[in-house]
Amino acid sequence: RLVVMSYHSLEDRLVKNFLRSGDVEKSQVETDVYGHSNLPFDLLTRKVIVPTEAEIELNPRARSAKLRIGQRNNNDV
115 RLVVMSYHSL
125 EDRLVKNFLR
135 SGDVEKSQVE
145 TDVYGHSNLP
155 FDLLTRKVIV
165 PTEAEIELNP
175 RARSAKLRIG
185 QRNNNDV
């Protein structure tokens, strides 16, 4: 499993691209001959996890934090 916490939008974009395509620079997902996507990670959460209002009240620096979780699958990309 890969759990990444990012604090800036540029960092989050890199993490999102890596979980989606297996490469930091590629944002396009590779597909096989039949059009099926070969995703290197299964995303364990549909959306990014952000801190709640209560967490932000206790720790104001957490307001920009974003958490993404992926699990490596058997697709070789």
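For what it's worth, my numbering labels the leading residue of the sequence shown as 115, then goes sequentially.
Note that CB positions come from ideal geometry on N, CA and C, so glycine has one too.
#1: According to DSSP, R175 sits in a beta bridge with which residue or residues?
#2: Would you mind working out which of V162, I163, N187, M119 sits nearest D156, comparing C-alpha positions?
#3: Are the stretch 146-156 and the stretch 130-138 in contact at 8 Å, needing three or more beta carbon pairs?
#4: Helix, strand or coil for R186 per DSSP?
#5: From the DSSP output, read off the bridge partner residues of F155.
#6: Thinking C-alpha only, which one of I170, I163, V147 is nearest V118?
In short, the structure shows the following:
#1: Here residue 175 refers to the residue found at position 61 of the sequence shown. Looking at the DSSP assignment, R175 forms no beta bridge with any residue, so it has no partner.
#2: Residue mapping note: residue 156 aligns to position 42 of the sequence shown, counting from 1. Checked all of V162, I163, N187, M119; the closest Cα to D156 is N187.
#3: yes
#4: Looking up residue 186 in the sequence shown gives position 72. It is a strand residue.
#5: Taking the first residue of the sequence shown as 1, we reach residue 155 at position 41. Beta-bridge pairing links F155 to R186.
#6: For this step, residue 118 is matched to residue 4 along the sequence shown. The residue with the shortest Cα to Cα distance from V118 is I163.
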